[in-house]
Amino acid sequence: MPTNIYNFGAGPAMLPVEVMKQAQAELVDFKGTGISVMETSHRAEKFSEVIHDARVNLCKLMGIGDDYEVLFLQGGASHQFAMLPMNLLADGETADYIDTGVWSQKAIKEIAMFGTANIVASSGDKKYSYIPDMTQCKFSQAASYVHYTSNNTIYGTQFHSIPKVGVPLISDMSSDIMCRPIDINAHGLIYAGSQKNIGPSGLALVIIKKDLIERSVRKVPTILSYATHANNGSLFNTPNTFAIYIVGLVAKWLQKLGGLEAMEQINQKKANLLYSAIDNSDGFYSGNAQKEARSIMNVTYRLPNEGLESKFVDEAESIGLKALKGHRISGGIRASIYNAMPVSGVEALVSFMDEFAKKNG
Ligand SMILES: *Cc1c(COP(=O)(O)O)cnc(C)c1O
Numbered sequence: 086m087p088t089n090i091y092n093f094g095a096g097p098a099m100l101p102v103e104v105m106k107q108a109q110a111e112l113v114d115f116k117g118t119g120i121s122v123m124e125t126s127h128r129a130e131k132f133s134e135v136i137h138d139a140r141v142n143l144c145k146l147m148g149i150g151d152d153y154e155v156l157f158l159q160g161g162a163s164h165q166f167a168m169l170p171m172n173l174l175a176d177g178e179t180a181d182y183i184d185t186g187v188w189s190q191k192a193i194k195e196i197a198m199f200g201t202a203n204i205v206a207s208s209g210d211k212k213y214s215y216i217p218d219m220t221q222c223k224f225s226q227a228a229s230y231v232h233y234t235s236n237n238t239i240y241g242t243q244f245h246s247i248p249k250v251g252v253p254l255i256s257d258m259s260s261d262i263m264c265r266p267i268d269i270n271a272h273g274l275i276y277a278g279s280q281k282n283i284g285p286s287g288l289a290l291v292i293i294k295k296d297l298i299e300r301s302v303r304k305v306p307t308i309l310s311y312a313t314h315a316n317n318g319s320l321f322n323t324p325n326t327f328a329i330y331i332v333g334l335v336a337k338w339l340q341k342l343g344g345l346e347a348m349e350q351i352n353q354k355k356a357n358l359l360y361s362a363i364d365n366s367d368g369f370y371s372g373n374a375q376k377e378a379r380s381i382m383n384v385t386y387r388l389p390n391e392g393l394e395s396k397f398v399d400e401a402e403s404i405g406l407k408a409l410k411g412h413r414i415s416g417g418i419r420a421s422i423y424n425a426m427p428v429s430g431v432e433a434l435v436s437f438m439d440e441f442a443k444k445n446g
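Numbering (our numbering), first residue to last: 86 to 446.
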């Protein structure tokens, strides 16, 4: 077995080793209670502290003000695709969506039962290899909100500026939340499945402006209403307590590291290392994303042919560089280098890439 294993999988993805070690140390005896946090009632005082700390630390880390609620929901990001129009779009209303790939389209599909999606821009004409120019978008006059996917996990593209719109802006940040500082106040609602950058699967983090909660447009089942969860501090029913605990530890880990500015610098450094290796390979590796749209979370590239790509994936796996196979839709190689991926992991990948190109180029 190789001693250094680096997991480049897109999600569920790597978690910081320090976080997992702390969780391991506390697993069977949570803070002297003699039981695990997993076995603790979500109404118990010890868990109230966990969820309170997680919320407070996330607010500090991300600069979330009092005019927002932080919700810990279940059903992942996909649940939010539906919950969003169900709560915020009245019958017959329109919302603007920017189509930057499969995840955007899944969000768009869920709107059909409630209203109309107006696709204001799409990068589908070039296999989603770029981010559409926002100044060319035709936002509709009457849109209830505008939705964009900040990082496109499958294609390796990322918004590097926030769309400027006059209505509530909604973002699916599943694969880049907390990878860099962002302007929360530019958004009405941000959601993210936790399993890519901030924790284990089974949790959706929702940051919602309070006035949007009040704007809820239709009667929906109790459990599907944002107001229900906001009014009950995300404890309307039993939440994913263990995932909330881990996300809280990840927030503390990020704070210790120096916050999101520091995290962004490290992420940028990792991405630069990898993109330089691609750009300096005399065409052996070719990046999928157009340069100005390159993601600092998911780096996607191709080799000269599919035979070499599967050889690359297999050889990498054998030296502990795991899960580099691209998504089945786009093929090729995908290296997911989320917050928890250390610089040493990217350096190991880059040196493997250089050697592989020399041997097979
Ligand atoms: C993975 C992913 C999703 C789906 O997340 P689930 O939690 O599995 O529903 C949605 N959006 C983006 C951008 C993703 O990367």
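All C-beta atoms, glycine included, are put in the ideal place defined by N, C-alpha and C. Small disclaimer: the values here were computed from a predicted structure and weren't measured.
Classify residue i as buried or exposed, calling it buried when 16 or more other Cβ atoms lie within 10 Å of its own Cβ.
i, result
"P101", "buried"
"R379", "buried"
"E476", "Given that the chain is displayed from residue 86 to residue 446, the structure contains no residue 476 and the question cannot be resolved."
"S319", "buried"
"K355", "buried"
"A197", "exposed"
"Q221", "exposed"
"N270", "exposed"
"K212", "exposed"
"K294", "buried"
"T307", "exposed"
"K443", "exposed"
"K223", "exposed"
"V428", "exposed"
"G273", "buried"
"E391", "exposed"
"Q243", "buried"
"N352", "buried"
"E130", "exposed"
"E134", "exposed"
"G110", "The residue you asked about is not Gly; residue 110 is Ala in the sequence shown. So A110 ends up on the exposed side."
"D151", "exposed"
"K410", "buried"
Under 8 Å Cβ to Cβ from residue i, same chain only, skipping five residues before and after it: list those, please.
i, result
"L339", "L146, M263, L345, M348 and N424"
"V332", "A139, L143, F157, S279, I283, G284, L288 and L290"
"W188", "A162, T234, N237, T238, I239, D257 and S259"
"H164", "L158 and A289"
"N373", "K212, S214, Y240, G241, T385, Y386, R387, S415 and G417"
"A98", "N92, Q280, K281, N282, S421, Y423 and A425"
"R128", "L320"
"L359", "V384, A420, I422, V431, L434 and V435"
Below 7 Å CB to CB, which residues in the same chain sit around residue i once its five sequence neighbours on both sides are set aside?
i, result
"D114", "none"
"A167", "E195"
"V305", "M171 and N172"
"S310", "N172 and S301"
"H314", "L156, L158 and F321"
So, for residue i: in the same chain, excluding its five sequence neighbours on each side, which residues have a beta-carbon less than 6 Å away from its beta-carbon?
i, result
"M86", "Any answer about M86 is weak, because its pLDDT of 47 lies below 50 and its placement is not dependable; what the coordinates show is given next. Result list for M86: empty, nothing under 6 Å."
"V451", "The chain is shown from 86 up to 446; residue 451 falls before or after that span and cannot be answered."
"S208", "T185, Y215 and P217"
"R300", "none"
"G446", "F369"
"M123", "F327"
"I193", "Y182 and A202"
"A206", "I183, P217 and C222"
"A228", "T179, A180, D181 and V252"
"I90", "G405"
"K191", "F166"
"A95", "T238 and S421"
Confirm the yes/no value for this check: CB of residue i, any heavy atom of ligand 3, distance under 6 Å.
i, result
"S380", "No copy of ligand 3 occurs in the structure displayed; its ligands are ligand 1 alone."
Using a Cβ-Cβ distance cut-off of 7 Å, determine whether residue i contacts chain C.
i, result
"P266", "Although the question refers to chain C, the structure presented lacks it and comprises just one protein chain."
Please specify which runs of the beta strand (DSSP E), each continuous and at least 3 residues long, are wholly inside the region 400–437, giving them in chain order. 418–421
Kindly confirm or deny that the region 405–425 and the region 374–388 touch, where touching means at least three C-beta pairs closer than 8 Å. yes
State whether the region 262–278 contacts the region 195–210, with contact taken as three or more CB pairs (one from each stretch) at a distance under 8 Å. no
Restricting to runs no shorter than 3 residues, where is the beta strand (DSSP E) found entirely within the region 289–340? Fully enclosed beta strand (DSSP E) runs of 3 or longer: 289–294.
Which runs of the alpha helix (DSSP H) at least 4 residues long sit entirely within the region 86–165? Give them in chain order. 102–111 and 130–147
For the region 152–171 against the region 318–332, do three or more pairs of beta-carbon atoms, one drawn from each stretch, fall closer than 8 Å, so that the two count as touching? yes
How about the region 271–290 and the region 402–414: do they share at least three Cβ pairs that are nearer than 8 Å? no
Give the list of continuous beta strand (DSSP E) stretches no shorter than 3 residues that lie fully inside the region 232–274. Listed in chain order, they are 254–257.
Of all the alpha helix (DSSP H) runs that stay within the bounds of the region 158–223, which reach a length of 4 or more residues? 161–173 and 187–194, all fully within the region 158–223.
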